[in-house]
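Structure first, commentary second.
In the working numbering, the protein residues as written are 6 to 449.
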């Protein structure tokens, strides 16, 4: 009888071990899937950040609206078009001829008055006598229209107009060369390096490439995030199916902690918030033409939680460094410590003589884990920044006959933030499960 019971017990143990191995193998596959999707999501997020940083540098307002060189180029182009396209109409030629006639009549009258005024010297009197004897003033005035017509024809000939356009263009170029702010060399260097990096020839091709690439990254990032969260969701669903299989709770909980660690790693290293303020369009009317600047980036920052912590620690101010260190401890270090402590408590807590410290880390440390507070802080920060940017940018929007500006606030919470939120929610669920395991089995 005892032998039969032992055999049955051995069979049951082997069956449980087999079930545990199958469960662990399945969870390992899910964990591998989460790691793959998480790594891909992180890489895509970083790539998106770098592309947007390059784009914001290439389209920075310092190299556009605030650059005298850029204004000089655009104004010079407008003036050149006006000069090269300059033509006189028949009405304008008629008005010019009338003005020339008026000036010629004035010159004749001035010359006659100068010669016919009273003369004191003998030479002057002889000149006055000769003028009155041989010059007919009315005849001079009669010839003025023909002279004016000849002068206007000469001035408006294609050769003369070409010469005049050349003089005007050279003067504009000379003025442009004298008006500069030394940004042209920097702009050229930045654009050359960025265009070379992305293998494009000009700004238009760069914009098209960036828009296409960002659209692809957005779609792929969303798919990777869904894949990662799908693996976590399946792992949680297993608890529903195996809630009565007490013997499987320990390996399932250990694997669940690994899922949480991956979520935490991806959540703190991927960009969580993006601040993007820009002047979408600035149009300025000049000589009937429009000078336009588009997508002028006023400010751009994309930060992860670790990026925010690093920025604070790098600051020269002690209070900023202190805040950075506290965030590192309460948002990154303590959550990792909790995960390790929970795993140790569930799997091999019985190996420790006194479990007070271990139970404190596994259960009571949650009071000091500020991951959930970080979620609220990020949300409030985004709401505050978004409101400030909208308020400030709206004051730059204007439209009248000569000037039109349109601003854009593209700030947004990134997918990394929602991954971190998922980690916080997931750890809350694990805390509940841990308490149930501890109540059912007692210290392991």
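For every residue, glycine included, the Cβ atom is placed at its ideal position computed from N, Cα and C. No experiment lies behind these values; they were computed from the predicted model shown.
Rounded Cβ spacing between residue i and residue j (contact assumed at less than 8 Å)
i, j, result
"residue 275", "residue 424", "6 Å"
"residue 255", "residue 351", "6 Å"
"residue 307", "residue 49", "That pair is no contact at about 13 Å."
"residue 410", "residue 286", "7 Å"
"residue 462", "residue 435", "Residue 462 falls outside the range modelled here, since the chain spans only 6 to 449, and no answer is possible."
"residue 438", "residue 258", "6 Å"
"residue 416", "residue 281", "5 Å"
Buried versus exposed, by CB contacts within 10 Å (16 or more), residue i
i, result
"residue 358", "With a pLDDT of only 48 at residue 358, under 50, the local geometry of the prediction cannot be trusted, and the value read off the model is given with reservation. The residue is exposed, with fewer than 16 neighbouring Cβ atoms inside 10 Å."
"residue 304", "exposed"
"residue 340", "buried"
"residue 233", "buried"
"residue 431", "buried"
"residue 198", "exposed"
"residue 451", "Past the boundaries of the shown model lies residue 451; the chain is included only from 6 to 449, so the question cannot be answered."
"residue 388", "exposed"
"residue 246", "exposed"
"residue 426", "buried"
"residue 43", "buried"
"residue 240", "buried"
"residue 338", "exposed"
"residue 99", "exposed"
"residue 143", "exposed"
"residue 118", "exposed"
"residue 75", "buried"
"residue 429", "buried"
"residue 72", "buried"
"residue 412", "buried"
"residue 204", "exposed"
"residue 112", "exposed"
"residue 319", "exposed"
"residue 442", "buried"
"residue 344", "buried"
"residue 104", "exposed"
Sequence-distant residues of its chain with Cβ nearer than 6 Å to residue i (five each side left out)
i, result
"residue 324", "none"
"residue 149", "106, 109, 110"
"residue 290", "407"
"residue 4", "What the structure shows of the chain is the stretch from 6 to 449, and residue 4 is not part of that stretch, so it cannot be assessed."
"residue 45", "229"
Member of the options whose CA lies at the smallest distance from the CA of residue i
i, options, result
"residue 336", "302, 383, 414", "383"
"residue 440", "347, 395, 119", "347"
"residue 420", "329, 388, 273, 261", "273"
"residue 397", "151, 414, 246", "414"
"residue 381", "322, 247, 277, 99", "277"
"residue 237", "302, 142, 38", "38"
"residue 376", "322, 342, 205, 72", "342"
"residue 28", "418, 243, 442, 296", "243"
"residue 102", "279, 211, 152", "152"
"residue 36", "235, 395, 299", "235"
"residue 222", "41, 51, 196", "51"
"residue 422", "288, 193, 386, 192", "386"
"residue 195", "345, 59, 321", "59"
"residue 25", "253, 126, 147", "253"
"residue 298", "374, 321, 208", "208"
"residue 146", "300, 114, 349, 288", "114"
Cβ neighbours of residue i in the same chain (closer than 7 Å, five flanking residues each side left out)
i, result
"residue 328", "317"
"residue 302", "61, 64, 65, 66, 283"
"residue 433", "none"
"residue 122", "none"
"residue 79", "296"
"residue 56", "215, 218, 219"
8 Å CB neighbourhood of residue i in its chain, flanking five on each side removed
i, result
"residue 206", "200"
Are there three or more Cβ pairs, one per stretch, closer than 8 Å when the segment 29–44 is compared with the segment 211–220? No, because fewer than three Cβ pairs between the segment 29–44 and the segment 211–220 fall closer than 8 Å, the two stretches do not touch.
Using 8 Å as the threshold, is the segment 399–411 in touch with the segment 314–334, meaning 3 or more CB pairs across them? no
Can you confirm whether the segment 249–269 touches the segment 62–72 when touching is taken to mean that 3 or more C-beta pairs between the two stretches lie within less than 8 Å? no
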